[in-house]
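Working notes, beginning with the structure itself.
Numbering (this note's numbering), first residue to last: 6 to 205.
Below is the structure:
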């Protein structure tokens, strides 16, 4: 019985190790793919009604997050953290932009996005538009976004919860995983986005 228990524990540990290894390999692959310049053309609008295209990723460092306003936890938590980080960075982060791209544009209208992002900070820009245009952006950055049915008969979105750090050159400089410690997140933003040489 004891040997059987040990065997089960060993198999479970091996399964978890393989799953973790595969997740790590995919993360490295995705980050490598994202590191090339963003080259998809798209046409969206921000929460103020201004047109948005691929040029939004050039000319300034940016924190970029893909989520939706009906998100129960990850999205509001991340936007709260983004607002806090930008306040903490002060003048050092004055050139830093923050973009919240909706992966649920069917429900996230411009007006809905405007009210949502401004509840966190007026420095966060909400971006929405036609689903096919939004898909160009999420696919371009290798963002997972999938509509799944909810028990109440509605739906929710399963999506990538890491935040992208985009340099002034339009390239991915790093990721902030969901739940990263505040001090670590601020240090990473300063290190990969706000050094004078970044994006040069």
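Backbone N, C-alpha and C define an ideal beta-carbon position, used for all residues, glycine too.
Q: Could you tell me if residue 192 is buried or exposed, where buried requires 16 or more neighbouring beta carbons within 10 angstroms of its beta carbon?
A: Here the question's residue 192 lines up with position 187 in the chain shown. With fewer than 16 other Cβ atoms from the protein chains shown falling within 10 Å of its own Cβ, residue 192 counts as exposed.
Q: Just tell me which of 189, 149, 196, 137 has its CA closest to the CA of residue 72.
A: Residue numbering aside, residue 72 sits at position 67 when the chain shown is read from its first letter. Comparing C-alpha distances from residue 72 to each of 189, 149, 196, 137 shows the shortest one belongs to 149.
Q | Euclidean distance between Cα positions of residue 80 and residue 195 | A | Here the question's residue 80 lines up with position 75 in the chain shown. Here the question's residue 195 lines up with position 190 in the chain shown. Cα to Cα, residue 80 sits roughly 22 Å from residue 195.
Q. Comparing alpha-carbon positions, which option in 97, 179, 119, 131 lies nearest residue 57?
A. As a first step, residue 57 is located in the chain shown; it is residue number 52 there, counting from the start. Out of 97, 179, 119, 131, 131 has the C-alpha closest to the C-alpha of residue 57.
Q | Rounded Cβ spacing between residue 171 and residue 143 (contact assumed at less than 8 Å) | A | By 1-based counting over the chain shown, the position of residue 171 is 166. By 1-based counting over the chain shown, the position of residue 143 is 138. A Cβ-Cβ distance of about 14 Å is found for the pair residue 171 and residue 143, leaving them out of contact under the 8 Å criterion.
Q.
Between 156, 152, 158, 159, which has its C-alpha nearest residue 165's C-alpha?
A. On the chain shown, residue 165 is found 160 positions in, with the first residue counted as 1. Nearest to residue 165 by C-alpha distance, out of 156, 152, 158, 159, is 152.
Q. Pick from 60, 65, 45: whose alpha carbon is nearest that of residue 198?
A. As a position in the chain shown, residue 198 is number 193, starting the count at 1. Ranking 60, 65, 45 by Cα distance to residue 198 puts 65 first.
Q | Ordered list of beta strand (DSSP E) runs contained in the stretch 136-196, each at least 3 residues | A | List check, beta strand (DSSP E) in window: 150-154, 160-164, 168-171, 177-181.
Q: Mind checking which residues open and close the alpha helix (DSSP H) that includes residue 121?
A: Locating residue 121 in the chain shown gives position 116, where the first residue counts as 1. 115-123 is the span of the alpha helix (DSSP H), which, as asked, contains residue 121.
**Q.** Cβ-Cβ distance between residue 45 and residue 141 below 8 Å
**A.** Looking up residue 45 in the chain shown gives position 40. Looking up residue 141 in the chain shown gives position 136. Contact annotation: residue 45 and residue 141 have beta-carbon atoms nearer than 8 Å.
Q: Taking residue 169 as the reference, give the member of 84, 137, 97, 116 with the closest Cα.
A: Residue numbering aside, residue 169 sits at position 164 when the chain shown is read from its first letter. The residue with the shortest Cα to Cα distance from residue 169 is 84.
Q: Rounded to whole angstroms, what's the CA-CA distance from residue 200 to residue 97? Just pull it up for me.
A: Taking the chain shown and counting its residues from 1, the one referred to as residue 200 is at position 195. Taking the chain shown and counting its residues from 1, the one referred to as residue 97 is at position 92. Going from the Cα of residue 200 to the Cα of residue 97 covers about 9 Å.
(Q) Spatial neighbours of residue 76 within its chain, please: C-beta separation below 6 Å, excluding the five flanking residues on both sides. (A) Position 71 of the chain shown, counted from the start, is the residue given in the question as residue 76. By the criterion of a C-beta distance shorter than 6 Å, residue 76 is surrounded by no residue of its chain, once the five residues flanking it on both sides are discounted.
Q: Return the Cβ separation of residue 74 and residue 104 in integer angstroms, given the expectation that the two are a contact with Cβ distance under 8 Å.
A: Residue 74 sits at position 69 when you count from the first residue of the chain shown. Residue 104 sits at position 99 when you count from the first residue of the chain shown. Contact between residue 74 and residue 104 is absent: CB atoms are separated by about 15 Å, not below the 8 Å threshold.
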